[in-house]
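Under UniProt numbering, the first residue of the sequence shown is numbered 1, with each subsequent residue one higher.
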Amino acid sequence: NNPKARISNLPRECIRHFFPKRKCFVFDRPTHDKDLLANIENVSDDQLDPKFLEQANNFCSYIFTNAKTKTLRDGITVVGKRLGILVVAYVDAINTGDVPCLENAVATLAQLENSAAVQKAADLYSEQMAQRLSLPTDTLLELLEVHADCECEAIAVFMERSFKDDTQEFQKMLVEIIKNKKEGFVLQNEEASAKYCQEKLDQLSKTLMKGISAGMFSVPGGHELYRRAKTKLEMEYCQVPRKGVKADKVLQRFLQAQVAIEKSILQADKALTDGQKAIAEERARKEAAEKAQELLKQELQEQEQQVAAQQRSFQENIDQLTEKLEKERANILREQDKMLEHKLKVQEALLKEGFKKKSQEMNAEIQHLRNMIARNQDTETSWITTALHIGNSLNVHLYKLVLYILHVHVLESYVASN
């Protein structure tokens, strides 16, 4: 009960309480020169006391050989740049006169590290997509498969670097960034395909367009000649490899532009009767409707592939987040078990040393820790449930895609019925 004894023992108690393993080092003064001591940061090693240098080297040797990596309360290891940021935030709080709080320093570190994790993952996704894709891809599915692989790698990079993203704020941010980047690649793919197809079609249609301009089809039987030339053009166009996702769209746009020309040639063809002309018009109308329906089917298939890709993306995020949460949970339990073991040893030591009251005071603290361990062991499902929160943003995109597919179904039915 002696106040002086309590004050004297307080540092010892704190060291014993918070540090399971202890190794003490004694340092002499770095130098006995007061001027050098006042400017110690700029003093070279050869100006320091040799005894101090020896002690410092022994200390560093022990740290590098025996000391474990810094571990936060949630079992998160802090090394390298992370440790530097954490120390700076903690020391800055002391220098500004604030009460140093490790939790605040960790929160600052988490914001910086998670932002950097998002950027690193997003950059990796862009780099890998650019390297692995050769635009235009033959199909949308080909692009989406590359996207899935790159996204999986990007999420893994984010998971490895991020920590304490409790509300999945940064993971949702990454999901949105990757979604936008993927849509950008899809658009680039469509533009590359459209440009390539138009160039090929312009080359293949030169003979047909010259014939139209020269009036080659404005003769009796000209409509049949025109149809043969147009059919040949379509066959040659279909044989062009790797036209990409806009191949049918570009061809349909060309054929639509030919409708009025074909109708004019048909009406001017004196070799055909009115009945034959009517039959030819009906056949052309049906062919156009069939091609339009085929194009709608292709768009529907591509949108279904987009939905499937979004679902895979959603599941990949859930799987990797769940795996990470389980690892963090295991780390926390491991750290809590170590903490409990240490506190029990401290309590036993206090009792043996005759500090019965202090030993009893630790009962509440030990029981609280046991309760925390029990909760973490019994609430595995809550960790999994946490992972599902990230699905909110993805579900919105899936909903929009489903609405689009329903719209395409309606149009397809309309075309088929007409």
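Quick reminder that beta carbons are idealized off the backbone N, C-alpha and C, glycines included. All values reported here derive from a predicted model rather than from experimental measurement.
Span of the alpha helix (DSSP H) around residue i
i	result
residue 52	50-66
residue 97	That residue, residue 97, is in no alpha helix (DSSP H); it is neither H nor E in DSSP.
residue 3	3-18
residue 424	This structure cannot settle anything about residue 424, because the visible part of the chain is limited to 1 through 418.
residue 32	Careful: residue 32 lies outside any alpha helix (DSSP H) and carries neither H nor E.
residue 376	356-378
residue 161	140-161
residue 240	Segment: none, residue 240 is in no alpha helix (DSSP H) and carries neither H nor E.
residue 126	102-132
residue 248	247-268
residue 212	206-214
Sheet register partners of residue i (DSSP bridge)
i	result
residue 91	DSSP, once it has assigned bridges, lists no residue as partnering residue 91.
residue 70	78
Residue i burial status per 10 Å Cβ neighbour count (16 or more: buried)
i	result
residue 129	buried
residue 239	exposed
residue 396	Caution is warranted here: a pLDDT of 48 is assigned to residue 396, below 50, making its placement in the model unreliable, and the coordinate value is therefore given only provisionally. With fewer than 16 other Cβ atoms within 10 Å, it is exposed.
residue 313	buried
residue 394	Its pLDDT being 47, under 50, residue 394 is placed unreliably in this model, and the coordinates cannot settle the point.
residue 62	exposed
residue 8	exposed
residue 115	exposed
residue 365	exposed
residue 30	buried
residue 51	exposed
residue 285	exposed
residue 375	exposed
residue 118	buried
residue 44	exposed
residue 32	exposed
residue 3	exposed
Candidates the options, of which the one nearest residue i by Cα
i	options	result
residue 279	340, 266 and 290	266
residue 233	124, 257, 27 and 201	201
residue 175	193, 220, 228 and 121	121
residue 221	114, 254 and 270	270
residue 140	307, 338 and 371	307
residue 203	273, 225 and 254	254
residue 181	208, 300, 365 and 151	151
residue 137	58, 187, 84 and 149	187
residue 124	149, 105 and 111	149
residue 184	294, 245 and 126	126
residue 216	2, 327 and 268	268
residue 192	245, 206 and 224	245
residue 372	353, 329 and 355	329
residue 231	298, 242, 219 and 205	205
residue 207	225, 190 and 219	225
residue 368	355, 354, 344 and 352	344
residue 219	262, 249 and 300	262
residue 109	60, 97, 161 and 67	161
Residue-chain proximity (residue i, chain D), Cβ-Cβ < 7 Å
i	result
residue 315	Absence of chain D from the displayed structure is noted, only one protein chain being present.
Check: residue i C-beta below 6 Å from any heavy atom of the ligand FAD
i	result
residue 313	The ligand FAD is absent from the structure shown, which contains no ligand whatsoever.
Check whether the segment 94-104 touches the segment 137-157, taking contact to mean three or more Cβ pairs, one atom from each stretch, closer than 8 Å. no
Q. Quick one: any contact between the segment 196-207 and the segment 146-163, if contact means 3 or more CB pairs under 8 Å?
A. no
query: Counting Cβ pairs, one atom from each stretch, are 3 or more of them under 8 Å apart for the segment 35-54 and the segment 14-25?
result: no
Would you say the segment 332-351 touches the segment 359-372, given that touching needs at least three Cβ pairs under 8 Å? yes
query = At a cut of 8 Å, does the segment 132-142 reach the segment 86-98 through at least three beta carbon pairs?
reply = no
Q.
Assess contact between the segment 333-340 and the segment 163-175, defined as three or more Cβ pairs (one per stretch) separated by less than 8 Å. Is contact present?
A. no
Open item on the list: For the structure I just gave you, are there three or more beta carbon pairs, one from the segment 251-266 and one from the segment 208-224, closer than 8 Å?
Closed with: yes
Any chance the segment 338-345 sits against the segment 313-322, with 3 or more Cβ pairs inside 8 Å? no
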